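**Student:** Residues in the sequence shown are numbered from 13 upward in steps of one, following this note's numbering. Let me begin by handing over the structure; questions about it come next.
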Amino acid sequence: MFDINVLDIKRVKETLLISRDPLKIKLFPAKEKRKYILLGMICLLFEKDKKYTEPEVNEILRDVYDDFVTIRRYLIIYEFLARTTNGSSYWLIADQTQFQDYK
13 MFDINVLDIK RVKETLLISR DPLKIKLFPA KEKRKYILLG MICLLFEKDK KYTEPEVNEI
73 LRDVYDDFVT IRRYLIIYEF LARTTNGSSY WLIADQTQFQ DYK
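Here you go:
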């Protein structure tokens with residue numbers, strides 16, 4: 013989707029994160045590439061093959077960023093997460109292995 017290199021990841025870590033462990037974001041970027049990198053970091057917080065309720069997703073994301081609704085929406089838009097049409101169930105669809113370097 014994007015041509016992402018080590019320098020791009022480093023910039024995101026230095027400019028957009030409060031902390032990496034636990035993951036806390038100070039600013040959600042407008043630039044799509046940076047947004048994608050952050051979402052890749054966030055997807056690592058979810059377990060593969062596990063179904064989540066909306067409140068469970070919100071709880072995970074609330075710890076990362078105050079505007080967790082925006083984060084949740086972008087996780088769906090960028091296809092990191094999928095959900096049922098009524099929003100009652102969410103699950104990880106992204107291949108987390110491609111984001112391991114984002115830690």
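Ideal placement from N, C-alpha and C gives every residue a C-beta, glycine not left out. Small disclaimer: the values here were computed from a predicted structure and weren't measured.
Taking its Cβ as the centre, do 16 or more other Cβ atoms sit within 10 Å of Gly52, making it buried, or is it exposed?
**Tutor:** Under this definition Gly52 is a buried residue.
**Student:** Tell whether a beta-carbon distance below 8 Å holds between Ile49 and Ile16.
**Tutor:** Yes, the pair counts as a contact, with Cβ atoms nearer than the cut-off.
**Student:** Given that a residue counts as buried once 16 or more other Cβ atoms are within 10 Å of its Cβ, and exposed if not, what is Arg32?
**Tutor:** Burial call: exposed.
**Student:** Which word fits Lys47, buried or exposed, when buried means at least 16 other C-beta atoms lie within 10 angstroms of its C-beta?
**Tutor:** Classification of Lys47: buried, given that the 10 Å Cβ count is 16 or more.
**Student:** Exposed or buried, what is Leu93 when buried is set at 16 or more other beta-carbons lying within 10 Å of its beta-carbon?
**Tutor:** Classification of Leu93: buried, given that the 10 Å Cβ count is 16 or more.
**Student:** Please state whether DSSP places Leu28 in a helix, a strand or coil.
**Tutor:** Reduced to three states, the DSSP call for Leu28 is helix.
**Student:** Leu93 by DSSP, collapsed to three states: which one?
**Tutor:** Strand, per DSSP.
**Student:** Is DSSP giving Lys36 helix, strand or coil here?
**Tutor:** Three-state DSSP puts Lys36 in a strand.
**Student:** Considering only residues of the same chain and omitting the five flanking positions on each side of Tyr86, which have a CB-CB separation below 7 Å?
**Tutor:** Once the five neighbours on either side are set aside, the close Cβ partners of Tyr86 are Lys47 and Leu51.
**Student:** At which residue ranges does the stretch 34–89 contain complete alpha helix (DSSP H) runs of 4 or more residues, listed in the order of the chain?
**Tutor:** Correct list: 44–55, 66–74 and 80–89.
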